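The numbering used here puts the first residue of the sequence shown at 125, with every later residue one more than the last.
Scroll down for the structure; my scribbles are underneath it.
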Amino acid sequence: MPLTVRPRRKRSTRIIVTLLSGLLPIVLGSAILYMQAERTLQQSAAETAAQALRQFELMLDNTAEAARVLLPLAGKNCEEVKLALREQVTRRPFVRSTNLVWDDNLYCSSLFGEFREAVSAGNYHLGKLWLMDGNPVTPDTALLVYRLSNGRGGALTTLDGYHLGNMLRLIGRQTLLMLQVGENWLSADGKVHRGPLPALPVAQSVLESARYGFDVSAGYPKGETWRYMAAEYPPLFSLLIFFGAVSGAIGHFLQQRSTSPSHEMLRALEAGEFIPYFQPVVHGDSKQWSGAEVLMRWNHPKEGLVRPDLFIPFAEHSGLIVPMTRALMQQTAVILGPQSPNFTKPFHIGINITASHCRDLELVEDCRIFLQAFAPGSVDLVLELTERELIEPSAIAVQLFEQLHALGVKIAIDDFGTGHSSLGYLRTFNVDYLKIDQSFVAMIGVDALSRHILDSIIELSAKLDLGIVAEGVETQAQSDYLTAHRVNFLQGYLFGKPMPAADFIRALSDH
Ligand code: C2E
Ligand code: CA
Ligand code: CA
125 MPLTVRPRRK
135 RSTRIIVTLL
145 SGLLPIVLGS
155 AILYMQAERT
165 LQQSAAETAA
175 QALRQFELML
185 DNTAEAARVL
195 LPLAGKNCEE
205 VKLALREQVT
215 RRPFVRSTNL
225 VWDDNLYCSS
235 LFGEFREAVS
245 AGNYHLGKLW
255 LMDGNPVTPD
265 TALLVYRLSN
275 GRGGALTTLD
285 GYHLGNMLRL
295 IGRQTLLMLQ
305 VGENWLSADG
315 KVHRGPLPAL
325 PVAQSVLESA
335 RYGFDVSAGY
345 PKGETWRYMA
355 AEYPPLFSLL
365 IFFGAVSGAI
375 GHFLQQRSTS
385 PSHEMLRALE
395 AGEFIPYFQP
405 VVHGDSKQWS
415 GAEVLMRWNH
425 PKEGLVRPDL
435 FIPFAEHSGL
445 IVPMTRALMQ
455 QTAVILGPQS
465 PNFTKPFHIG
475 INITASHCRD
485 LELVEDCRIF
495 LQAFAPGSVD
505 LVLELTEREL
515 IEPSAIAVQL
525 FEQLHALGVK
535 IAIDDFGTGH
545 SSLGYLRTFN
555 VDYLKIDQSF
565 VAMIGVDALS
575 RHILDSIIEL
585 SAKLDLGIVA
595 EGVETQAQSD
605 YLTAHRVNFL
615 QGYLFGKPMP
625 AADFIRALSD
635 H
């Protein structure tokens, strides 16, 4: 099939297209995997932050409960209440020390008993929590102090930073996790830092405790998304590479084939591969050559000579039939023009046209140029329009046929008897000839009904004063029958097959 031939594309273009089609699924797939990895990390950071928040709140609940129990004792003599302070330290998990405050003075501590130290409420975030980097007892260990106050009295309970750091390490094993209280924050190594929390480059999630006002921040270091993908997705990457290879191979394979029929035909048109063949038409009585029908052939570089029914439908569909016919008429004019002084006049030249030619008036100009190539009055240009595909009698079509007639161009209805043209139609377009379809000619002497139709067509054309051409005459019997019925012109293998220009001109001079 001529329409599956490799188009002439540059080698470099082919390589680029193959590479692109191979890379496309890999790049697209990687982008999707990247987004998926980001989502997974986002979810994981959010879950880690939520879990840490819950744990810290549970721990602080212990200090808060101890402070609540001790607050009514504030202002009482330290000697009387210090055992109660120690009891809370012993009974409650995570509570490291308990203290009582009166008039902003810490005056009693679970560790030392009587004590004296000023308390500044300003150190406490929201008046409640203070993250310290140490105290005189353990200067290098972080400490979280919980404060509860009522009037002049208050209770301070502390939570050891060792537990907090431990929690950050355990919960955030895969993530970076930090605890922020006011202006201070604690890292997983148990160290307290001042200032705002550092921004985490990947999937940062920050949660705030509604009950205690601290923040927890979880996230990942730079490049974590790629590291995650490299660790988790190797099977998917292998699959992507496989798809890339398949897609590249398909891209390569498709380029070996033609892109589209119309693309391939456009190439052929530019390369001048559509050429005319000529089939003689003879007079019904004398059998003298009265003209020729021009039949298109595709002289394909690989497939050889291609029959028109294999490519004309594509040409019509794509609209390329119009420039193809124009090229055919130009070639015909170049070939037959110089012979025209020797023609038996008038010499009929049949050109096949289609409905796409009737959408504008360009055909008039093509015919004018065509006729200029011949000696004046030496040819009758006959446009053959198949009955299978009739033209709408639109304003532009009617105008076209009027102008064609004014130019002396004749109109023939091709394949007559196979379609449904009416008498009105024949008159609208001022038809000059009917070409009887070869199926009726083939039935001469075989099928009575077909012969009946044939006789009716001949009779009709005589009544309408139309010239009549019988196509596909292959036998002497057919020829005799048609001549006896006064058919004006005959065309068929009996008189000559469609032939190349050189053969036709040689045969023409013999006749
Ligand atoms: P068509 O216009 O009816 O052309 C007559 C077809 O009958 C030609 O086939 C011709 O070779 C064939 N033929 C002629 N005498 C005999 C015979 O005695 N016996 C048999 N069996 N066949 C005979 P071809 O050249 O293959 O063309 C087929 C069709 O392709 C044409 O039918 C026409 O519809 C279309 N075609 C050909 N050239 C052109 C063109 O330049 N433009 C357009 N639009 N259509 C074309
Ligand atoms: Ca024809
Ligand atoms: Ca025909």
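All residues carry an ideal CB built from backbone N, CA and C; glycine is no exception.
Please read these numbers as outputs of a predicted model, since none were measured by experiment.
Segment limits, alpha helix (DSSP H) that includes Phe435: Phe435 -> no alpha helix (DSSP H), and no H or E assigned at all.
C-beta atoms of Ala572 and Ile515 nearer than 8 Å: no
Inter-residue Cα distance where the pair is Pro385 and Pro447: 16 Å
Euclidean distance between Cα positions of Gly372 and Thr142: 5 Å
Ligand 1 heavy atom lying under 7 Å from the CB of Gly616: yes
DSSP beta-bridge partners of Pro400: Met420
Outcome for Met159 when other beta-carbon atoms lying within 10 angstroms are tallied against a minimum of 16: exposed
3-residue-minimum beta strand (DSSP E) runs that sit fully inside the segment 491 to 534, ordered along the chain: 503 to 510
Secondary structure of His609, DSSP reduced to three states: coil
Check: His389 C-beta below 7 Å from any heavy atom of ligand 1: The sequence given here has Met at residue 389, not His. Flag unset: Cβ of Met389 not near ligand 1.
Element boundaries [alpha helix (DSSP H), containing Ala625]: Ala625 to Asp634
Contact set for Ala457: own chain, Cβ-Cβ below 6 Å, skip 5 residues either direction: Phe494 and Ala497
Meets three-Cβ-pair contact criterion under 8 Å: the segment 171 to 178 and the segment 205 to 213: no
Range covered by the beta strand (DSSP E) that runs through Asp284: Gly277 to Asp284
Cβ-heavy atom distance, Lys559 to ligand 3, below 7 Å: yes
C-alpha distance - Ala594 paired with Phe377, whole-angstrom precision: 48 Å
Lining residues of ligand 2 - beta-carbon closer than 5 Å to any non-hydrogen atom, in sequence order: Asn476, Glu508 and Asp538
Status (buried if at least 16 other CB within 10 Å, exposed otherwise) for Asp579: exposed
Paired residues, beta bridge with Ser233 - DSSP: Asn223 and Gly237
Environment of Ile477 [buried if 16+ CB atoms lie within 10 Å]: buried
Residue of Leu331, Thr299, Ala266 and Thr552 minimising C-alpha distance to Lys346: Thr299
Spatial distance of Phe218 from Gly296 (CA atoms): 20 Å
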